[in-house]
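Below is one structure; the comments refer to it alone.
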Amino acid sequence: MATPDRFLPELTGSVSQGAAGNPTVAMIEAAYAHHGLHWRYVNMEVAPEDLRDAVRGLRAVGFRGFNCSLPHKVTVIEHLDGLGESAAVMGAVNCVVRRDGRLIGENTDGKGFLESLQALVDPRGRSVVLFGAGGAARAIAVELALAGAGQITVVNRSVTRGGELVTLLRDRVGTASALVEWRGDHVVPGDADIVINATSIGLYDADARLPVEPASLRPGMVVADVIGNPPRTRFIRDAEARGCRVLDGLGMLVNQGAVAIRFWTGIDPDTGIMRRALEQALGLTGEG
Ligand code: NDP
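Its first residue numbered 10, the sequence shown is counted upward by one per residue in the working numbering.
Written as structure tokens, this is what we have:
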């Protein structure tokens, strides 16, 4: 890693529409400060029609990388020079990394989740039940499949969207996968090892209920939720009460940021510092 001039920071950031309120900047800049890196992370509002010019501009001023959030995760691909393995399978990019002058698209949504999960269980050969088939679910499912998960059951309300994900897992990664149409309370099979909420149910609503039969959650299962705000969702609380080991969405968000920092700077950041900065930015101090 080249030593940056003290008057000329290395630049990273985020492009999205609806950038206001994105707390990622607090977490990433806390890590840069903690590790004494003269790097900056800039949160940028970019409309879809301006994406091409924005990427050209970031390339021209030498950005080392940038996160890419809604609505640009798919459309950004045509402006890049290449894709990492999981981003290519998913067809979605949320993190761009400059490597040897080329902009390479990666996807850290699923990688952040996988890192959180691996602290509790190795998904290799495990049976997974995944609620949802949207962007977060796709990222998680592909990363789990690439990490050797034995079987992934996708439970989704829309059969079309759920079916697309199952086909992707089977055809592109060769993982055993099945679709269950979500109607009423889902009963989680007793042989499931890992159960994940990757829907938006629970976002900003600590009492929102995921349609899952709580009695089917058993001790020994690892239960995860992608919802980061609030981190202690009803699903997480129910799972804990049933004796499951749990992972909240804040951990996924922190690890996602840590993967990005590692890609951009080469250093392994302190995730405790990042989580505290994120909790503070979200006004969650003392929770989660
Ligand atoms: P999408 O809109 O792409 O997908 C939403 C999913 O939720 C779909 O599968 C949808 O089902 C399902 N869903 C929504 N409402 C209901 C409902 N009432 N009943 C049943 N299913 C429902 O969203 P994303 O995948 O991009 O994001 C999902 C969540 O993940 C967001 O809340 C986001 O905050 C979180 N997230 C967290 C990250 C983290 O790092 N912690 C990273 C990325 C996302 P259907 O297909 O039937 O419509």
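Ideal Cβ positions, reconstructed from N, Cα and C, are used throughout, including at glycine. Treat the numbers as computed from the prediction; the structure is a model and nothing was measured.
Could you give the distance in angstroms between the alpha-carbon of residue 69 and the alpha-carbon of residue 90? Rounded to whole angstroms, residue 69 to residue 90 spans 14 Å at the Cα level.
Buried or exposed by the 16-neighbour rule on C-beta atoms within 10 Å, applied to residue 265: buried
Taking all protein chains shown into account, do 16 or more other C-beta atoms lie within 10 angstroms of the C-beta of residue 222, making it buried, or fewer, making it exposed? exposed
Residue 103 to residue 262, Cα distance in whole Å? 12 Å
Residue(s) in a DSSP beta bridge with residue 16: Answer is none; residue 16 lacks a bridge partner.
From the DSSP output, read off the bridge partner residues of residue 195. 221
In whole angstroms, give me the CA-to-CA distance for residue 24 and residue 15. 25 Å
Residues bridged to residue 114 [DSSP beta-bridge criterion]: In the DSSP output, where bridge partners are listed per residue, residue 114 has 92 and 105.
Using the C-alpha atoms, what's the distance from residue 50 back to residue 21? 5 Å
Per DSSP, residue 126 forms a beta bridge with which residues? Paired residues: none, contrary to the question.
How about residue 231 and residue 126: do their beta carbons lie closer than 8 Å? yes
Roughly how many angstroms separate the alpha carbons of residue 297 and residue 283, rounded to a whole number? Summary for residue 297: the model assigns pLDDT 41, below 50, so the residue's position carries little reliability, and this model does not support an answer.
With burial defined as no fewer than 16 other Cβ atoms inside 10 Å of the residue's Cβ, what is the status of residue 121: buried or exposed? buried
Hey, could you find the ends of the alpha helix (DSSP H) residue 34 is sitting in? 33-43
Check residue 74 in the structure and name its three-state DSSP category. DSSP places residue 74 within a strand segment (E or B) once states are collapsed to three.
State the beta-bridge partners of residue 53 as determined by DSSP. Per DSSP, 24.
Consider the C-beta atom of residue 93 and the heavy atoms of the ligand NDP; say whether any pair is separated by less than 7 Å. no
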